[in-house]
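**Q**
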Amino acid sequence: MEINGHELQFKDNAVFLEETKTLILADVHVGMEEFIRRTGVLFPLNEKKELLERLKNLIVEFKPEKLVFLGDFLHHFQKVPYKVYETVRELNSLLKNYEVIIIRGNHDIMLEYILKENTNFKILDYLLEDKILMVHGDKTFDVDFNFDLLIMGHEHPVLEINKQRFPSYLEIVQNNFEILVTPAFSNIASGVKINELEKNFMSPYLKKVKKEDIFPIVIGEEVLKFPDLSKIEKFL
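Under the UniProt record's numbering, think of the first position of the sequence shown as 1, with each following residue one higher.
Dropping the structure here:
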């Protein structure tokens with residue numbers, strides 16, 4: 001699919017940029033399973049296994065040269081369980097032959113502490129390449145960026161139809177650029193219904209967005225781009 005002159009592919013809540021051979025994932029929330037377990041919910045969610053298998057499949061499919069994680073790489077704000085270190089080390093082993101960039105998100109308070117001794121990943125606040133700005137989405141920056149596409153996470157959008165929820169990408173059309181909001185890559189993190197998001201976006205980038213600007217994209221057997229939210233909200 002082309003968005004504002006950039007060729008992108010979508011699969012399994014990830015984005016692949018054709019021009020830079022970059023695989024993008026947002027809101028991985030490593031450690032969320034252990035966080036839930038500590039609340040007393042002991043049902044196995046297979047967080048590490050699912051994450052590693054899905055990543056392997058995406059790498060085989062797209063053969064990227066670089067991976068960018070768009071923030072909230074971690075789930076825990078402070079005390080990080082040992083199992084998080086295990087997952088991070090296995091991720092580092094899997095991705096040792098790739099350039100890996102982690103964009104800092106609002107959950108990533110302990111990011112430097114954990115990654116410094118366990119990985120070769122680079123940590124940034126944002127990444128600007130080929131007029132594509134990649135951020136988590138929780139804050140803006142006092143920088144005069146020159147971009148025509150903003151890719152972000154943070155919102156965890158889902159499209160609900162007939163009480164079934166589908167992770168959704170959001171293409172948002174603005175005057176001088178477009179925004180692509182990606183779904184959470186975590187298979188555990190809860191999603192937020194698009195029709196509930198429109199007036200309650202968390203990101204400062206989206207505070208002035210209107211229903212008419214928002215085009216949901218859902219990936220099934222094919223890429224399904226819906227009409228703008230104002231035209232479909234009565235069906236949601």
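Just so it is clear, CB atoms sit at the ideal spot from N, CA and C, and this is done for glycine as well.
Throw me the rounded Cβ distance for the V68 and M134 pair, which I believe falls under 8 Å.
**A** Their Cβ separation, rounded to whole angstroms, is 6 Å, which keeps V68 and M134 in contact under 8 Å.
**Q** So, with DSSP's three-state summary, where would you put K207?
**A** Correct three-state label for K207: coil.
**Q** Is the beta carbon of D72 closer than 8 Å to that of D108?
**A** Contact: yes.
**Q** I'd like to know if the segment 186-196 and the segment 98-117 are in contact, where contact means that at least 3 CB-CB pairs between them fall below 8 Å.
**A** Contact between the segment 186-196 and the segment 98-117 is absent, because fewer than three Cβ pairs lie under 8 Å.
**Q** For L70 and I102, I'd like the C-alpha separation in whole angstroms.
**A** Looking at the two C-alpha atoms, the distance is approximately 6 Å.
**Q** Which residues in the same chain have their Cβ closer than 7 Å to the Cβ of R54, if we skip the five residues on either side of it in sequence?
**A** These residues qualify, in order along the chain: D12.
**Q** List, from N- to C-terminal side, the alpha helix (DSSP H) runs of 4 residues or more that fit wholly inside the segment 147-212.
**A** List check, alpha helix (DSSP H) in window: 194-197.
**Q** Only counting runs of 4 or more residues, tell me where the alpha helix (DSSP H) segments fall wholly within the UniProt domain "Calcineurin-like phosphoesterase" (21-138), in order along the chain.
**A** You should have 32-37, 47-62, 82-94, 111-118.
**Q** Quick one: give me the first and last residue of the beta strand (DSSP E) that L229 is part of.
**A** Careful: L229 lies outside any beta strand (DSSP E), inside the alpha helix (DSSP H) at 229-232.
**Q** Check each candidate in S230, K116, K66, E129 and name the one with the smallest Cα separation from T22.
**A** Cα-wise, what sits closest to T22 is K66.
**Q** Shortest alpha-carbon distance to D142 belongs to which of V28, P204, K56, K208?
**A** Selected option, being the one with the closest Cα: P204.
**Q** What three-state label does DSSP hand F226 in the structure shown?
**A** The answer is coil: DSSP assigns F226 none of H, G, I, E or B.
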